[in-house]
Amino acid sequence: MKVEVEDYLADMKDHNYAMKINYFGSVEETKQVTASQNDFRLRTSVLEISGPEMTVAVGERFKVKASFKNPLDIPLQNCEFSFEAAGNLKPVTISTDTIGPGEMGEAEMEITAKRAGDCVVISSFECEEMGDIQGHHTYKVKKE
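First residue of the sequence shown: 28, per the working numbering; consecutive thereafter.
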């Protein structure tokens, strides 16, 4: 039995990219019946986060960019990138255009470093066809 992506894609987002396959069969000669079950969780793509590789100072503004390549053969609709950095950036959502098959989608955010220490920028990507695509990057923030 061949299963095409179109057969399950619409339901995958709602089920956290998990699927269960049940097998049933019988042996004609022995009249025995068998059943088995397998659970699978598909890995989602990774959201790439880029920005300064160096240390930034408190009060300094720096840009981070989240990028994502559409792995599907269909366009992604109603795309949104979200950014958050505890103590440095309240949650922000940026809507983007449709991302075509195999195309890159990206969003950029400017952050002002507000306190010294590690600044962990967390970003996520959501669209109608996919969800729960996440990435993060840690920057060092030094006192002025």
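Each residue gets a CB set at the ideal place from its N, CA and C atoms; glycine is no exception.
Element boundaries [beta strand (DSSP E), containing residue i]
i: V54; result: 45 to 54
i: Q59; result: 59 to 68
i: C154; result: It is not in any beta strand (DSSP E) - C154 carries neither H nor E in the DSSP assignment.
i: S72; result: Where S72 is concerned, there is no enclosing beta strand (DSSP E), given that its DSSP letter is neither H nor E.
i: L116; result: 116 to 123
i: I138; result: 131 to 139
Proximity of residue i and residue j at Cβ, strictly below 8 angstroms
i: F95; j: L74; result: yes
i: V91; j: A140; result: no
i: N105; j: E33; result: no
i: E130; j: N97; result: yes
i: S72; j: I149; result: no
i: G127; j: P102; result: yes
Cα-Cα separation, residue i to residue j
i: I76; j: A143; result: 21 angstroms
i: Q59; j: E31; result: 31 angstroms
i: D66; j: V168; result: 43 angstroms
i: A45; j: R68; result: 4 angstroms
i: C146; j: M81; result: 12 angstroms
i: G132; j: G162; result: 14 angstroms
i: A112; j: Y35; result: 35 angstroms
i: T165; j: A37; result: 34 angstroms
i: S53; j: D124; result: 51 angstroms
i: L116; j: M28; result: 49 angstroms
i: Y50; j: E135; result: 47 angstroms
Which listed residue (the options) has its alpha carbon closest to that of residue i
i: M157; options: F51, T57, D100, V148; result: D100
i: I48; options: L103, G78, S63, H164; result: S63
i: P118; options: G127, F152, G78; result: F152
Own chain residues within Cβ distance below 6 angstroms of residue i, not counting five before or after
i: T120; result: E107, S109
i: S122; result: E107
Interface flag, residue i vs chain D, CB-CB below 8 angstroms
i: S63; result: Although the question refers to chain D, the structure presented lacks it and comprises just one protein chain.
Own chain residues within Cβ distance below 7 angstroms of residue i, not counting five before or after
i: K170; result: V85, A143
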